[in-house]
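**Student:** Please find one structure pasted underneath; my questions will follow.
In the numbering used here, the protein residues as written are 997 to 1102.
So, in structure tokens, the structure goes:
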């Protein structure tokens, strides 16, 4: 899960560093990066909590679905989030759950 946390932190820092005043509008690209970072951090936290038995699998499955159906997030960002989930070895229960979700959503 360190990989997920690091990715989310880097995305957030890049986003914060790329903006001027808080009142400035996001460009479409910046909005995608921000949304990517939010989803990546969210799913990372949920996978970590699920691994520890702190939340039910239904919450994690709902998050996978929310990410997969988010119309504001580009497909390349969705793919990148799901790829990080699959490649992270620290959360085997979450990986299995993702594979089940991916198989049932096709």
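Even for Gly, the Cβ is constructed at its ideal location relative to N, Cα and C.
Everything numeric in this text was worked out from a predicted model, so none of it was measured.
1) Which two residues bound the contiguous alpha helix (DSSP H) that contains residue 1058?
2) Tell me where the alpha helix (DSSP H) around residue 1040 begins and ends.
3) Please report how far the alpha carbon of residue 1024 lies from the alpha carbon of residue 1032, in whole angstroms.
4) For residue 1055, which residues in the same chain have their Cβ closer than 7 angstroms to its Cβ, ignoring the five residues on either side in sequence?
5) Do you know whose CA, among 1048, 1057 and 1087, lies nearest residue 1100's CA?
6) Check the C-beta distance from residue 1091 over to residue 1081 and give it rounded, since I have them as a contact under 8 angstroms.
7) By DSSP, does residue 1070 sit in helix, in strand, or in coil?
8) Starting from the C-beta of residue 1070, find all residues in its chain whose C-beta is less than 7 angstroms away, skip the five residues before and the five after it, and write them out in chain order.
**Tutor:** Short version:
1) For the purposes of this step, residue 1058 is taken as the residue at position 62 of the chain shown. Start and end: 1053-1065.
2) For the purposes of this step, residue 1040 is taken as the residue at position 44 of the chain shown. Per DSSP, residue 1040 belongs to the alpha helix (DSSP H) from 1024-1047.
3) Mapped onto the chain shown, residue 1024 falls at position 28. Mapped onto the chain shown, residue 1032 falls at position 36. Taking the straight line from one Cα to the other gives about 12 angstroms.
4) If you number the chain shown from 1, residue 1055 lands on position 59. A distance below 7 angstroms between beta-carbons, with the five flanking residues on each side excluded, links residue 1055 to the following residues of its chain, in chain order: 1042.
5) The residue you call residue 1100 lines up with position 104 of the chain shown. When only C-alpha atoms are compared, the closest one is 1057.
6) On the chain shown, residue 1091 is found 95 positions in, with the first residue counted as 1. On the chain shown, residue 1081 is found 85 positions in, with the first residue counted as 1. Between residue 1081 and residue 1091 the Cβ distance is about 7 angstroms, and since that is below 8 angstroms, they are a contact.
7) In the chain shown, counting from the first residue as 1, residue 1070 sits at position 74. In the three-state reduction of the DSSP assignment, residue 1070 falls in the coil class.
8) By one-based count along the chain shown, residue 1070 stands at place 74. Around residue 1070: 1028.
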